[in-house]
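Below: the structure, in structure tokens.
Numbering (our numbering), first residue to last: 101 to 311.
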């Protein structure tokens, strides 16, 4: 087969388009191909690549720059067409649907609030510890009992003793049922008043639910 030469513009143009489509880098003194044994290229061109001889009538540096620019443009257009016509992968791990997040966020918050509401324990009913008046115990006895059993200061113990004496009863504490029963039993086991000889035992106490 005869060498068509580099002066054949139609052959050279077809070759450049082929190079641009395959992303070939062709310089004034060398050419790099992905496959030198590709039969789609002319034998004379493959021979020039292997021997390193520069064919006569090779294009100038300005022409090669133009050819490189053309190759870059074709590559850019190919990438653009690929992005336009190839649908995006539905299973892209980096894709985020912000609409779904915006819709799901309130539901998640409501679900968390519902779960937190379920975990909250129900409030236990409250009970009053009531101390009842009698004529066999002194103010000092009531004040001392309030200090030891309820950890009240002397002033508060005196107020409770005065209320028991005037109204016949006084609320010592408001707490849970178990705690109220404990304080009632402690009052009953506190003992007699040593200041009054006729006293035979402790004061009376009861518990009542808070209305």
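We put the beta carbon where it would ideally sit given N, CA and C, even for glycine.
Paired residues, beta bridge with residue i - DSSP
i           : result
residue 231 : 270 and 305
residue 276 : 226
Cβ-Cβ distance between residue i and residue j below 7 Å
i           : j           : result
residue 295 : residue 238 : yes
residue 280 : residue 227 : yes
residue 268 : residue 233 : yes
residue 307 : residue 271 : no
residue 291 : residue 302 : yes
Spatial distance of residue i from residue j (CA atoms)
i           : j           : result
residue 274 : residue 309 : 9 Å
residue 169 : residue 176 : 11 Å
residue 265 : residue 278 : 27 Å
residue 243 : residue 223 : 32 Å
residue 121 : residue 174 : In this prediction, residue 121 has a pLDDT of 49, which is less than 50 and means its spatial position is unreliable; nothing more can be read from the coordinates.
residue 247 : residue 225 : 26 Å
residue 245 : residue 300 : 16 Å
residue 293 : residue 276 : 28 Å
residue 284 : residue 211 : 43 Å
residue 297 : residue 261 : 20 Å
residue 125 : residue 182 : For residue 125, the pLDDT reaches just 41, beneath the cut-off of 50, and the residue's location in the model is therefore unreliable, leaving the point undetermined.
residue 171 : residue 184 : 20 Å
residue 255 : residue 221 : 36 Å
residue 311 : residue 263 : 21 Å
residue 123 : residue 179 : Here the model assigns residue 123 a pLDDT of 45, short of 50, so the residue's position is not dependable, and the following value carries that caveat. Cα to Cα, the separation comes out at about 12 Å.
residue 236 : residue 289 : 16 Å
Whole-number beta carbon distance between residue j and residue i, since they are thought to touch under 8 Å
i           : j           : result
residue 259 : residue 287 : Not quite, the Cβ-Cβ distance comes to about 17 Å (not below 8 Å), so this is no contact.
- Message: Which complete alpha helix (DSSP H) runs does the region 235-260 hold, if anything under 4 residues is left out?
- Response: 239-250
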